[in-house]
Structures are given as C-alpha cells and as structure tokens.
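Colleague:
Residue numbers (my numbering): 1 to 113.
(1) If you draw a straight line from the alpha carbon of residue 73 to that of residue 103, how long is it in whole angstroms?
(2) Strictly by DSSP, which residues pair up with residue 103?
(3) Residues in its own chain within less than 6 Å of residue 55 by CB, not counting five upstream and five downstream?
(4) Could you please give the first and the last residue of the uninterrupted alpha helix (DSSP H) stretch that includes residue 82?
(5) Taking only three categories from DSSP, how would you classify residue 1?
(6) Can you tell me whether residue 93 is buried or exposed, with buried defined as 16 or more other CB within 10 angstroms of its CB?
(7) Smallest Cα separation from residue 34: which of 111, 100 and 82?
(8) Quick one, which of 1, 101 and 7 has its alpha-carbon nearest residue 62's?
(9) DSSP three-state label for residue 20, please.
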C-alpha cells in the first residue's frame, strides 16, 4: 500500500512539472530557484515541536497553493499560477519521499507514517 501511495504522489508531481514546463512553458530558472522555498518552514522547529509542526504544515499543505491557484486563475495572474504549481510540486515531491504533514510529537511523526 505504501508503494502505491508514493507512486500516486510521484505521478501528481510529474503531472504538475509537465504542466509547468510543457503546457504553460514557464521559466525553469524560477522553478529551480523557488522549488525548495517551502522548506524554510522547518525553521519553526527552533522554537519547539508544537510551533515547528504548525509552521511546517502551513508551508506543506495543499490548501494554500490550491487557493493561490484558484485566485490566480480567476484574476488571470500568471505569477500566482507559477508559484502555486511550484509549491504543489514541492509538496508532492516531499510526499513521494515519505515526508508528510507533521504531528506535534516530533519532526519524524507524520501523517504518512
């Protein structure tokens, strides 16, 4: 089952990357420059597991990039579309590797473990 879930996440990752580069023909430089920005949210763990999990999960849930995508499509803002695709691709890459949303009990305790 775990392999199926990872394959599912990997397929979504590839779909988003394909869409970014081949459907929208967006900038590779921007993609690679911003791809790991959501990982800055790990800084919250400096202040403990509780705050760390909240901050990390804020940067690694699919709600915010989805809302950004919807708003950007409605307002026809290409930069928002790009950012939401980059953000979502990062999340799906993390999920493919087994990194999920964090519980407050510790960094290694995720919704995928």
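Just so it is clear, CB atoms sit at the ideal spot from N, CA and C, and this is done for glycine as well. Given the structure is predicted, the values throughout are model-derived calculations rather than measurements.
Modeller: To lay it out plainly:
(1) Locating residue 73 in the chain shown gives position 73, counting from the first residue. Locating residue 103 in the chain shown gives position 103, counting from the first residue. The straight-line gap from Cα to Cα measures roughly 32 Å.
(2) Here residue 103 is taken as the residue at index 103 of the chain shown, counted from 1. DSSP output for residue 103 lists 106 as bridge partner(s).
(3) Counting from 1 along the chain shown, the entry for residue 55 is found at position 55. Cβ within range, chain order: 41 and 44.
(4) For the purposes of this step, residue 82 is identified with residue 82 of the chain shown, where counting begins at 1. The continuous alpha helix (DSSP H) containing residue 82 extends over residues 78–96.
(5) The count along the chain shown starts at 1 and reaches residue 1 at position 1. In this structure, residue 1 counts as coil in the three-state DSSP scheme.
(6) The residue given as residue 93 occupies position 93 in the chain shown. By the Cβ neighbour-count rule, residue 93 is buried, with 16 or more other Cβ atoms within 10 Å of its own.
(7) As a first step, residue 34 is located in the chain shown; it is residue number 34 there, counting from the start. Closest by alpha carbon: 82.
(8) Residue 62 sits at position 62 when you count from the first residue of the chain shown. Nearest in C-alpha terms to residue 62, of all of 1, 101 and 7, is 101.
(9) The residue labelled residue 20 in the question sits at position 20 within the chain shown. Here residue 20 sits in helix by DSSP.
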